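Numbering (the UniProt record's numbering), first residue to last: 1 to 349.
Worksheet for the structure shown next.
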DNA sequence: TGGAATT
């Protein structure tokens, strides 16, 4: 058996949308290459996703390609973070610190400066209030090792930062494990993707400074904001500057009501139907469903069939549950390469 | 008193 230190094929994937199914998760990563296994980590009792998962590839090359291609992938209101998973046997628990009483003006930058002295920071965040956009003066710092976290708590707990007035309160973030304790059984895990579930409104995403983003120093490559790409679950990635034509800091604002590139609520706000042009002539309705599912509840997929040529006519229609979901899908997928063709998406007129 | 980074 290969020693765990050599294993560079197992990836940890963070910031998964809450509603992402195992099937969708797998299909995104399968587009890179063959997978040994994949799993979204869930609460054993409720089945709720913890928002992260694992994907193990058969080859290191594919694992690296998955990082290059999928790290930073926008999915619903989040951006995936993809990195090599540390071997489970390592001392990787208790590395996450919860911080209270941060000075109001602190962002991750100041947090990293303050905490970086005590070790390698894998991830950090400052929570902000969605309404006021102000810091909640609460944050998290995830270190690489337990020793670093221990050291930071010993050095910084109850200390008043240079620009602050209150002493910092530091705790191990998951010492209580409240949310993982067995509670009352609510419902069994639903394995089937159907029936269509109600999507969470865009505004329910969490926020930290910069919104869901490419987190802090120390981790593997971050896709820079200037190197945006679209991901095509079937045809592979391609550069496309049209994606996320708002800056990362406006993520939260955009989640509250999409208003991008000509997609305006006044052009009906009523049509849920997307006209999909240039889908090629071998595209199935199932493929369309897979393509659009990350953007909401797909009610109907239709690929028009040419009976004479016995092939798809090269266009179709996809009906989403709401105008917002349709707008979101158009915003994300228009111009995006699907089976080596740029999709042309618009509201059905 | 708080999100979701080790199955």
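Heads up, the beta-carbon is just placed ideally off N, CA and C, and yes, glycines get one too.
All of these numbers come straight from a predicted model, not from anything done at the bench.
- Per DSSP, residue 150 lies in no beta strand (DSSP E) segment; the continuous alpha helix (DSSP H) that holds it begins and ends at 146-156.
- About 24 Å separates the beta carbons of residue 84 and residue 152, which is beyond the 8 Å limit, so they are not a contact pair.
- With contacts defined as CB atoms closer than 9 Å, residue 15 and residue 51 qualify as a contacting pair.
- Between the alpha carbons of residue 34 and residue 71 lies a gap of roughly 18 Å.
- Just so you know, the alpha carbons of residue 333 and residue 325 end up roughly 12 Å apart.
- In this structure residue 278 touches residue 344 by the C-beta definition: roughly 5 Å separates them, less than 8 Å.
- Contact between residue 296 and residue 319 is absent: CB atoms are separated by about 11 Å, not below the 8 Å threshold.
- If you compare the alpha carbons of 66, 330 and 49 with that of residue 273, the shortest gap goes to 330.
- As summarised for the UniProt domain "RRM" (272-349), the continuous beta strand (DSSP E) elements at least 3 residues long and confined to that stretch are 273-277, 298-306, 311-320 and 344-347, given in chain order.
- Under the three-state reduction of DSSP, residue 88 is assigned to coil, being neither helix nor strand.
- Bounds of any alpha helix (DSSP H) do not take in residue 101, whose DSSP letter is neither H nor E.
- Taking every protein chain shown into account, the CB of residue 66 has 16 or more other CB atoms within 10 angstroms, so this residue is buried.
- Contact between the segment 275-291 and the segment 301-318 is present: 3 or more CB-CB pairs across the two stretches fall below 8 Å.
- Annotated three-state conformation of residue 69 is helix, per DSSP.
- Counting every other CB atom within 10 Å of its CB across the protein chains shown gives residue 38 a total of 16 or more, marking it as buried.
- Burial is judged here by how many other beta carbons sit within 10 angstroms of a residue's own beta carbon; residue 58 has fewer than 16 and is exposed.
- Cβ contact annotation for residue 294 (same chain, cutoff 7 Å, sequence separation greater than five): 24, 75 and 76, in chain order.
- In the three-state reduction of the DSSP assignment, residue 173 falls in the coil class.
- Rounded to the nearest whole angstrom, the C-alpha separation of residue 126 and residue 162 is 18 Å.
- Counting only the Cα atoms, residue 175 lies some 45 Å from residue 338.
- Residue 138 sits close to residue 99, with the two beta carbons spaced by under 9 Å.
- DSSP links residue 37 through a beta bridge to 56.
- Annotated three-state conformation of residue 109 is helix, per DSSP.
- Taking the CA atoms as reference points, residue 19 sits about 32 Å from residue 102.
- For the set 128, 54 and 93, the Cα lying nearest the Cα of residue 80 is the one of 54.
- For residue 139, the pairing in a beta bridge is given by DSSP as 99 and 126.
- CA-to-CA, the gap between residue 109 and residue 150 works out to about 21 Å.
- Just so you know, the alpha carbons of residue 17 and residue 303 end up roughly 27 Å apart.
- Leaving aside the five residues that flank residue 129 on each side, the residues in its chain whose CB is nearer than 7 Å to its CB run, in chain order, 136.
- The C-beta separation of residue 60 from residue 9 comes to about 6 Å, placing the pair in contact by the 8 Å criterion.
- Excluding sequence positions up to five before and after residue 306, its CB lies within less than 6 Å of the CB of 313, all in the same chain and listed in chain order.
- Its Cα nearest to that of residue 91, the residue 144 stands out among 328, 63, 144 and 22.
- For residue 64, the closest alpha carbon among the candidates 13, 300 and 78 is that of 13.
- If you look at residue 11, you'll find it in the beta strand (DSSP E) that goes 10-14.
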